[in-house]
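Participant: Protein chains in written order, with this note's numbering: chain A, 1 to 192; chain B, 1001 to 1192. Just so it is clear, CB atoms sit at the ideal spot from N, CA and C, and this is done for glycine as well. Nothing here was measured: the structure is a model prediction, and the numbers come from that model. Quick one: this structure, given as structure tokens, is what I'll be asking you about.
There are 2 protein chains.
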Amino acid sequence: MTATEGPRARGDEELSPGDGNSPGRRGDTVAAVVRQWRAVHPGLDTGPMEVIGRINRCAALLQQAEDAPLRRAGLSRAEFDLLGALRRTGHELTPSELARETFSSGAAVTKRLKQLTERGLVERRGDTRDRRVAHVRLTDAGRDTVDGILPAQLAYETAVLSGLDSPELGELAALLGELLGQLEGRLGALRA
Amino acid sequence: MTATEGPRARGDEELSPGDGNSPGRRGDTVAAVVRQWRAVHPGLDTGPMEVIGRINRCAALLQQAEDAPLRRAGLSRAEFDLLGALRRTGHELTPSELARETFSSGAAVTKRLKQLTERGLVERRGDTRDRRVAHVRLTDAGRDTVDGILPAQLAYETAVLSGLDSPELGELAALLGELLGQLEGRLGALRA
DNA sequence: AACAGATAATTTACCCGTAAAGCATGGGCG
DNA sequence: CGCCCATGCTTTACGGGTAAATTATCTGTT
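Below is the structure:
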């Protein structure tokens, strides 16, 4: 949850005429970091840092903030992801499928399922044909939980993004979608 | 490291004529997830998901991939962030400052410093005036390590982003910068 | 039928990060 | 001075994640 590109500069107060704590007027923290790197290594191409650093930093901030509505429901983000996967697919999923859906290891899914089962949010049944596989589904309580949280979650996300106007958000979503498509298609191959 | 918006749909093979595993031709995985949500909850405003989900997912993928050059040097991303903070600021930093720079807790910094000190990459000296504070600086080996990794790291990042052309990257960086500026300015206040 | 090897899920051991408590020190303020 | 609280860092306890080993089951081959 970090970036090659770190956060706020502490030793650069002399650069920021205003106060040094309110971005928005001048650049974000990644911009400051990039400036520092360029000062130290003038030859470097810092272009990628400006994208990747910002994505990482945004993700870190968003995740911190984004989880607020979830915590009220006593769920971690990972748990909600699992429940959400079941809810949005609309049918049962096996643990392996859940691992794929939530991009986590099978072991993590096993642990979460244990917890969520104990809390009565999901149920499991064994496959009749293949006794290795399990099928997991939401209980009614689980579905109500997801459906109860989701609107608040989306409203919260909307609020968090309210600093950008609609066309900007659309543009951003489109560009991120393009990048993500590329990454998902090509990243496994890049394991250099 | 996750998203409200999960990853690949498993149960939607009937929707995807091709194979269901290669994005790139059709949308990214977040798009598929959003479609699922909309099918289940038609009234929902999925706009924010398209941005936030993609940011989270991109961050997750990038971090996995991005760390490859680092691992070759036997460094974790967090360790490199710490070293990088020292390198780019160009002067000593105290543990608290490092915590701010790397957005991690003081405890985490303490642990990393212990490791990095043992490996001879950083040194510490106590402040003469205030014996509570420590000053940390890179050793020559530490600086060489950072300078050795950085070009490879940036080259790798460039390769990872090569799917987008230059104007797109610029646009993306600008939009992310704007978003990040907003988030950094306003997120602390949004702790609702 | 019986074995080899694949596959699904779980268990185990461990790493890493945080939050909270703890320790040492410093800077007022009576 | 001596007390009190703030500050900087470290330690402790714990939760959550992964990789690798483990168990159980299935499938294909002969």
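Rank Cys58/A, Val33/A, Arg54/A by C-alpha distance to the C-alpha of Val160/A and give the top, closest one.
Facilitator: Stepping through the first sequence from its first residue, residue 160/A is reached at position 160. Measuring from the Cα of Val160/A, the nearest candidate turns out to be Cys58/A.
Participant: Do Val1122/B and Leu1086/B have their C-beta atoms within less than 8 Å of each other?
Facilitator: Within the second sequence, the letter at position 122 stands for residue 1122/B. Within the second sequence, the letter at position 86 stands for residue 1086/B. In this structure, Leu1086/B lies closer than 8 Å to Val1122/B by Cβ.
Participant: Check the Cβ of Gly1177/B against every Cβ in chain A and list those closer than 9 Å, keeping chain order.
Facilitator: Indexing the second sequence from 1 puts residue 1177/B at position 177. Under the 9 Å cutoff, chain A gives Gly27, Asp28, Val30, Ala31, Glu50, Arg54.
Participant: Considering Val1122/B, what are the terminal residues of the beta strand (DSSP E) in which it resides?
Facilitator: Numbered from 1 along the second sequence, position 122 holds the residue referred to as residue 1122/B. That run of the beta strand (DSSP E) goes 1122-1126.
Participant: Below 7 Å CB to CB, which residues in the same chain sit around Pro1023/B once its five sequence neighbours on both sides are set aside?
Facilitator: Your numbering for residue 1023/B matches position 23 in the second sequence. Summary for Pro1023/B: the model assigns pLDDT 46, below 50, so the residue's position carries little reliability; its value from the coordinates is reported in the next sentence. Thr1029.
Participant: Just to make sure I have the definition right: I need the residues of chain B whose C-beta is within less than 8 Å of the C-beta of Glu171/A. Which are they?
Facilitator: On the first sequence, residue 171/A is found 171 positions in, with the first residue counted as 1. By Cβ distance, chain B contributes Glu1171, Leu1175.
Participant: From the DSSP output, in three-state form, read off Val1146/B for me.
Facilitator: For this step, residue 1146/B is matched to residue 146 along the second sequence. Looking at Val1146/B - three-state DSSP - the assignment turns out to be helix.
Participant: I need the DSSP call for Arg132/A, collapsed to helix, strand or coil.
Facilitator: Mapped onto the first sequence, residue 132/A falls at position 132. Reduced to three states, the DSSP call for Arg132/A is coil.
Participant: Touching or not, the stretch 51-67 of chain A and the stretch 1045-1065 of chain B, by the rule of three or more beta carbon pairs under 8 Å?
Facilitator: Judged by Cβ distances under 8 Å, the stretch 51-67 of chain A makes contact with the stretch 1045-1065 of chain B, as three or more pairs qualify.
Participant: Would you kindly work out how many angstroms separate the C-alpha atoms of Leu179/A and Gln1064/B, rounded to a whole number?
Facilitator: Here residue 179/A refers to the residue found at position 179 when the first sequence is read from its first residue. Here residue 1064/B refers to the residue found at position 64 when the second sequence is read from its first residue. Going by the C-alpha atoms only, they are around 15 Å apart.
Participant: Looking only at DSSP bridge pairs, what is Gly1077/B linked to?
Facilitator: Within the second sequence, residue 1077/B is the residue found at index 77, counting from 1. Checking the sequence, you will find Arg at residue 1077/B rather than Gly. In DSSP, Arg1077/B forms no bridge with anything.
Participant: Closer than 8 Å between beta carbons: that is the criterion. Which residues of the stretch 134-150 of chain A meet it against chain B?
Facilitator: Asp147, Leu150
Participant: Distance check for Gln1115/B and Asp140/A, CA to CA, integer angstroms please.
Facilitator: By one-based count along the first sequence, residue 140/A stands at place 140. By one-based count along the second sequence, residue 1115/B stands at place 115. CA-CA distance, Asp140/A to Gln1115/B, rounds to 49 Å.
Participant: Output needed in chain order: residues of the stretch 54-71 of chain A with a Cβ under 9 Å from some Cβ in chain B.
Facilitator: Residues of the stretch 54-71 of chain A with a C-beta atom less than 9 Å from some C-beta of chain B are Arg54, Ile55, Asn56, Arg57, Cys58, Ala59, Ala60, Leu61, Leu62, Gln63, Gln64, Ala65, Glu66, Ala68, Pro69, Leu70, listed in chain order.
Participant: Between which two residues does the alpha helix (DSSP H) containing Gly53/A stretch?
Facilitator: By one-based count along the first sequence, residue 53/A stands at place 53. Start and end: 47-66.
Participant: Determine the contact status of Val33/A and Gly47/A, defining contact as a CB-CB distance below 8 Å.
Facilitator: Stepping through the first sequence from its first residue, residue 33/A is reached at position 33. Stepping through the first sequence from its first residue, residue 47/A is reached at position 47. The answer is no: Cβ separation not under 8 Å.
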